[in-house]
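Chains as they are written, first to last, in our numbering: chain A, 308 to 695; chain B, 308 to 695; chain C, 308 to 695; chain D, 308 to 695.
Scroll down for the structure; my scribbles are underneath it.
There are 4 protein chains.
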Amino acid sequence: MVGYAFMGAAHSQGWRTAGRVFDLPLTPRLAAVCGRDGQAVRAAADRLGWAAAETDWRALIARDDVDLVDICTPGDSHAEIAVAALEAGKHVLCEKPLANSVEEAETMTAAAEQAAARGQLAMTGFNYRRVPAIALARRMVAEGRVGTLRHVRVTYLQDWLVDPSFPLTWRLQKPYAGSGALGDLGAHAVDLAQFLVGEPLAGVSALTETFVRERPLLDGASSGLSAAGGGEAGFGQVTVDDAALFTGRFASGALASFEATRFATGRKNALRVELNGERGSLAFDLERLNELYFHDHTEPGVSAGFRRILVTEPQHPYLEAWWPPGHGLGYEHTFVHQARDLVHAIAEQTAPAPSFADGLQVQRVLAAVEESAAKNSVYTAVPAPVPA
Amino acid sequence: MVGYAFMGAAHSQGWRTAGRVFDLPLTPRLAAVCGRDGQAVRAAADRLGWAAAETDWRALIARDDVDLVDICTPGDSHAEIAVAALEAGKHVLCEKPLANSVEEAETMTAAAEQAAARGQLAMTGFNYRRVPAIALARRMVAEGRVGTLRHVRVTYLQDWLVDPSFPLTWRLQKPYAGSGALGDLGAHAVDLAQFLVGEPLAGVSALTETFVRERPLLDGASSGLSAAGGGEAGFGQVTVDDAALFTGRFASGALASFEATRFATGRKNALRVELNGERGSLAFDLERLNELYFHDHTEPGVSAGFRRILVTEPQHPYLEAWWPPGHGLGYEHTFVHQARDLVHAIAEQTAPAPSFADGLQVQRVLAAVEESAAKNSVYTAVPAPVPA
Amino acid sequence: MVGYAFMGAAHSQGWRTAGRVFDLPLTPRLAAVCGRDGQAVRAAADRLGWAAAETDWRALIARDDVDLVDICTPGDSHAEIAVAALEAGKHVLCEKPLANSVEEAETMTAAAEQAAARGQLAMTGFNYRRVPAIALARRMVAEGRVGTLRHVRVTYLQDWLVDPSFPLTWRLQKPYAGSGALGDLGAHAVDLAQFLVGEPLAGVSALTETFVRERPLLDGASSGLSAAGGGEAGFGQVTVDDAALFTGRFASGALASFEATRFATGRKNALRVELNGERGSLAFDLERLNELYFHDHTEPGVSAGFRRILVTEPQHPYLEAWWPPGHGLGYEHTFVHQARDLVHAIAEQTAPAPSFADGLQVQRVLAAVEESAAKNSVYTAVPAPVPA
Amino acid sequence: MVGYAFMGAAHSQGWRTAGRVFDLPLTPRLAAVCGRDGQAVRAAADRLGWAAAETDWRALIARDDVDLVDICTPGDSHAEIAVAALEAGKHVLCEKPLANSVEEAETMTAAAEQAAARGQLAMTGFNYRRVPAIALARRMVAEGRVGTLRHVRVTYLQDWLVDPSFPLTWRLQKPYAGSGALGDLGAHAVDLAQFLVGEPLAGVSALTETFVRERPLLDGASSGLSAAGGGEAGFGQVTVDDAALFTGRFASGALASFEATRFATGRKNALRVELNGERGSLAFDLERLNELYFHDHTEPGVSAGFRRILVTEPQHPYLEAWWPPGHGLGYEHTFVHQARDLVHAIAEQTAPAPSFADGLQVQRVLAAVEESAAKNSVYTAVPAPVPA
């Protein structure tokens, strides 16, 4: 694994736990973790349960005891590490967003396709597809429970940037993060929409905004930035969006509405999805991730209504291995499920989903959003994916 | 009152009840109701409590015992009746949307301004401003409880057009209704957003769609249409939008997101509003109209969260006259409150709100939405209101 | 109508509105209202829409233009007025609880039975049976949608007595109110439980408590009390319960749990009902009175869950006459429905429900609760109703 | 660890994870797991991550590499194992309910007290105290945020016994389980009530019921029962309660209401708690375990209401070590927290809570419930705990 901060801790929990809960065809071993600060990475290895620590990702990739490289770094290093790992014959799991640009994502996807011919697999870490309620929603859409879709509505609302004195971390700088709420939150929203609907977005019209344009600089040590100075180092420019709103169309005719922001006061992790179809509707809120709401429009109106499915039954996705009904799961279970599914894909040599091509498609939507926002919100087509 | 269908019944309830619950400076008398079908309008007068019936709105306006004309007809007749009534020296209450075009709304607003100089008042019937929870939300915004606004999010979702066999009523034909979900539902959404924020929208970017383009014709009798034929009369074109999605900006910098649709399966009357500001957030859903959600971001995070204010306390707007705490109000109470406030305005010769100018401003937003939708979603400015 | 305070205002709204919304076989006329204070009752008559005012209920009953007497006074005068009105050949609607003792209720029920033989009807004002969601719940129980019942859970929580400085009103004194939370709130809870289940409670085990045993005296004028003195008149004993908790059994085997209190801080009018049966469950909360929750246990578990039925569809009880789906009703609509149903019963000479016998049965349960509470909570049988 | 079924898997997850997430003063090592079936226990050891397997709990206790014995067996073996382990100088964690009788629990508590003098600690596994929202609720009660308590309401509703063809497992037989819903669910309810209030229950009045008195026998192999026969082996008696309802009093005057059942159709794990005090109220539902509802009654009524605290902030109990705000936890996190706190107690030689004395106190309440139910619901005092 490369990187050991928030995402690294979550991925570690996934790798450590998957084989303790699910029957896996292969047993994950936490061989080595990599980070630039030798002391810190050794402490992280001990804490998180990795057998060894490396300070150069190239050395990690070169290790014989590493079959899979899990990339948990900021987006600006994804492409280089992923391509090198694939070329070195490793399987790759790469955190989302896949890259900071369409070009990088295209390169990565091409590398993934070549690697696939050699039996190496590549997966993008859109972990929310593996919330059981989301997996159930996808299954219900595929089964026709909602019918022809008319509306898709996804908002991803957080509030940790409301305070103007929050400092200028890497997530607020374009060279590191690529974009702001758009890539951090909007990428999840777009991936979920396309996953649930089962087709790519055809085009978008977008508005973006940076509400707070200057923020206090962090001191250099704590952030991996080249930024000068100590705590009172002054202010720097925020170079990414604080919020992105966009509407769009799916080829099959459904309308879509998206909003990604880190300024929605009181909303902590409100990734909300609603699908309205001719036969029914589905609704989900990540702040209540064990619940899926379903309205069955084929029922008599006198007793119809949105029902709250507590997605904790043994017949629900991933639930066969967990606790009795009503004993809910949490956020990090998505990483356990991701680890489980990738291990199965490797053992069975099936294509993992979301693929790098799926990650690229999200990147194309994000690029279209930025292009539309730059061009006075004009409707901007998203290039269709090339069939594999 | 002109018109006695759904809106006429609701307005009648308002006029009959206001003086029985509130202390009013003047006593409303239900003098006469008007409709084209003499037998039907007499039956409606008896049912709804009007002393007389008329079949020509010009005769209604000419009556000496009429001081106020309440217009509850489809939008295509609003301008002609309202202008004539104002010129005849009557006060006017006109249902929303104020008109079917900006031009009509401008004419009406000009007539209202001239009438105001003579002491006649004109009010637009955006009744949802008078849901107590909405009135409370506006008060809290004005008091600074949410601070500088960053986000405004309004969706108005219904589902009564999902079935493609629903017939081609007047609401689905542009000559009568002006527009579809946009004017019917979007007008409320836009008015509430501008009311709550306290300023007009500066511009919008929009998508609209007509999902079901042909619908069965009604037979002529029941709809006021010239449409030919009996029940199996064939199909006609739907000439209005089924759904409208738009984003926008307020001059002060807040971003706004809107959605109006009659295809959101399972959503019956889901007018949902959320405001996010630097100091707090407010949220409302018309399907639970006695509740307002408030997050106070100035509180310590350890015990902060969205609170559900049950807007039934005596210190809440309009509640001083109703029932004890927790004994909720319903939809038609908004018309009682509208009647009350208009009677006060008349007695006290104050300007009623929403004025015709407010109705015109909503119309300008709707026109900008249609223009943007016609021009590939390009961001389209909304002309600023001319100061009175 | 006798009495014109909170209940009188609500009943007046019901009588005024029923015929304006529903097609009634007879037209209610608000002939006269009665109260002891001549000036106040004349003002109330004008406000509430009654044609005349009386200061002696015997005079009211003697009027030829009165066919129905609606009793909205405190419980201690119900029996005398109701019996006299029935004997005078009037129909009677009597507010709940029917009386302050089983003995009074028995006398009233006997009078009602004799009157029925002469064509005069008597109804008890348990208005919550006519919340559409409750009427729908009863219909669904009767249709077998929940199957054999196992659990009935009813809590009625308010909080207006939490503050120890709230004064000693008539509701806190046994001679006027009979009991405290038990008769005020528990009576509704018991009636709803018996109505929904469709059978009487067989026995109960109870705890009651008076948390605040002394409260400030009101001055004499405002309360109909003989209490001496002015505002600083000192303190008086609270002689009723502040809270009552009881469990019970239905003859068919279901267990029941009840709680009535005016000390549940933050709960304003939380009459909550839940029924669990072998085939399904129903849940209701009066603070969200347009909603009924239903879990259908005959569905596959993978997509089952409590659904929120928005009880605003035309096929729902009473809704054929009101607004489109999603346009909710309020508290006072129960009185409109009560008026409607009683007018129908009178016109069609059918027995109205809840009858005085139903009111008596509730009284027997309340008496059993008080007896159990006085006897160390021992399980106490409720006498079975005598078949009519 | 003794036992490796549902509870064993959950405890294993706790022991494996605690040191990977929290900074612990000692590092847990999963030395050995014990079960009667050698093959099955070895498989469980491999799956769950235990270094060794034993088939005799006495051998487990005798191991030098075991410092702590975690007892996850049915209640009938708790006393024997726990006392032996303590006498062998091991720390003990024992699942709830502590025992199947007050006598056993007294013996265990005495053993725990003697062991404490030697530095061995004993803890009862009421894991729900360590749901962050419950820990926060306790902190808020202790800080006086709800003031003098008036009402405590706890229901624990499940539905897995609704189907009469569900077989006669050990949980339905008194010799193994001690009691039914009472000991399984009611024990949690009682412990939480006493924990949150901070004092023991003074007395109770109870009803219990067994709705389905005969159930199909399991075949012998799968259940540890002596029951004969194969799948069609016939029926056996259910010898425990299906549901228990009880009311009670705390010494300080608050009233309490409890319900435990496995027949509440549609309720999967609905452990619901509400506390009403003079200054505020708290509410919790285990089906939404990341949320705590709080009503602050000291606020102005105009903007007061139950707020939803998303208990995922770094300043919330246990959250300093987990994910960012809004990224919820699940059921098994309670076992991670339990492991963490017990490790701290061992390292710091502090008394762990809940102690065996706390488990004994719960047992006394359960015994009083059964006594009251057997004596016609008469109010039955709970013996006060002997001060340590």
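Ideal placement from N, C-alpha and C gives every residue a C-beta, glycine not left out.
So what's G396(A) in DSSP terms, helix, strand or just coil?
coil
Whose C-beta lies closer than 6 Å to the C-beta of A493(D) among residues of the same chain, with five residues either side of it excluded?
One point to set straight first is that residue 493(D) is Gly, not Ala, in the sequence displayed. So the qualifying residues of the chain are A551, A567.
Using the Cα positions of P692(D) and A391(D), report the straight-line distance between them to the nearest angstrom.
Going from the Cα of P692(D) to the Cα of A391(D) covers about 24 Å.
Which one or two residues does DSSP pair with Q544(A) in a beta bridge?
In the DSSP output, where bridge partners are listed per residue, Q544(A) has E521(A).
In angstroms with no decimal places, state the Cα-to-Cα distance between D548(A) and M447(B).
29 Å
Helix, strand or coil, according to DSSP, for V453(D) in the structure here?
coil
Answer with buried or exposed for F542(A), where buried requires no fewer than 16 other C-beta atoms within 10 angstroms of its C-beta.
exposed
Please determine if the region 576-594 of chain B and the region 458-474 of chain B are in contact, where contact requires at least 3 C-beta pairs separated by less than 8 Å.
yes
With a threshold of 16 other CB atoms inside 10 Å of the CB of A535(D), please say whether the residue is buried or exposed.
Because A535(D) sits at a pLDDT of 39, beneath the cut-off of 50, its placement in the model cannot be relied upon, and the following sentence gives the value as read from the coordinates. So A535(D) counts as exposed.
Are the C-beta of S530(C) and some C-beta of chain B separated by less than 9 Å?
Confidence is the limiting factor: at S530(C) the pLDDT is only 41, short of 50, which leaves the residue's position unreliable and the question unanswerable from this model.
Can you say whether A528(A) is buried or exposed, counting buried as having 16 or more other CB atoms within 10 angstroms of its CB?
Annotation note: pLDDT 45 at A528(A) (below 50); position unreliable, coordinate value reported separately. So A528(A) counts as exposed.
Would you check if the distance between the CB atom of V309(C) and the CB atom of V328(C) is smaller than 9 Å?
no
Should the region 662-677 of chain D be regarded as contacting the region 507-520 of chain D, the criterion being three or more beta carbon pairs within less than 8 Å?
yes
For a contact defined as C-beta to C-beta under 7 Å, what are the partners of T619(A) on chain D?
Simply K575.
How would you call L333(B), buried or exposed, if buried means at least 16 neighbouring beta carbons within 10 angstroms?
exposed
Taking S512(B) as the query, report the chain D residues whose CB atoms sit under 9 Å from its CB, ordered along the chain.
In chain order: nothing, as chain D lies at least about 29 Å away.
For a cutoff of 9 Å on Cβ pairs, would you count R671(C) as touching chain D?
no
Does DSSP put A563(D) in a helix, in a strand, or in coil?
strand
For S384(C) and chain D, any beta-carbon pair shorter than 9 Å?
no
Decide if E411(C) is buried, meaning its Cβ has at least 16 other Cβ atoms within 10 Å, or exposed.
buried
Need the endpoints of the alpha helix (DSSP H) that Y483(A) sits in, please.
481-484 is the extent of the alpha helix (DSSP H) around Y483(A).
Taking 9 Å as the CB-CB cut-off, is P690(C) touching chain D?
no
Any beta carbon from chain B within less than 9 Å of S608(D)'s own beta carbon?
Reading the sequence as shown, one finds Gly at residue 608(D) and not Ser. Chain B, which has a Cβ nearer than 9 Å to the Cβ of G608(D), makes this yes.
Kindly indicate if chain C contains any beta-carbon less than 9 Å away from that of G612(A).
yes
Does the count of Cβ pairs from the region 601-621 of chain A and the region 615-630 of chain D closer than 8 Å reach three?
no
On a CA-only basis, which of T476(B), Y435(B), H644(B), E677(B) is nearest P381(B)? Give me that one, please.
T476(B)
At the level of alpha carbons, what is the spacing between S610(C) and G454(C)?
20 Å
Of the choices L331(B), Y311(B), T416(B), whose alpha-carbon is the least far from that of W364(B)?
Y311(B)
List, in order along the chain, the chain A residues whose C-beta lies closer than 9 Å to that of R327(D)?
A316, S319, Q320, R323, R354, L355, G356
In angstroms with no decimal places, state the Cα-to-Cα distance between Q712(C) and R457(D).
Residue 712(C) lies beyond the range of chain C shown here (308 to 695); nothing can be said about it.
Jot down the residue ranges of each uninterrupted alpha helix (DSSP H) in the region 600-661 of chain A, minimum 4 residues, whole runs only, in chain order.
Unbroken alpha helix (DSSP H) runs of no fewer than 4 residues, entirely contained in the region 600-661 of chain A, are found at 640-655, following chain order.
Is the region 386-403 of chain D close to the region 359-377 of chain D, with three or more CB pairs under 8 Å?
yes
Verify the CB distance criterion: does H634(A) have a CB-CB separation below 9 Å to chain D?
So, interface residue.
With DSSP as the reference, label R579(A) as helix, strand or coil.
strand
Using a cut-off of 7 Å between C-beta atoms, extract the partners of R595(C) located in chain B.
Here the neighbours are R595.
L492(C) lies in the alpha helix (DSSP H); which residues open and close that run?
Premise fails: L492(C) is in no alpha helix (DSSP H) and is neither H nor E.
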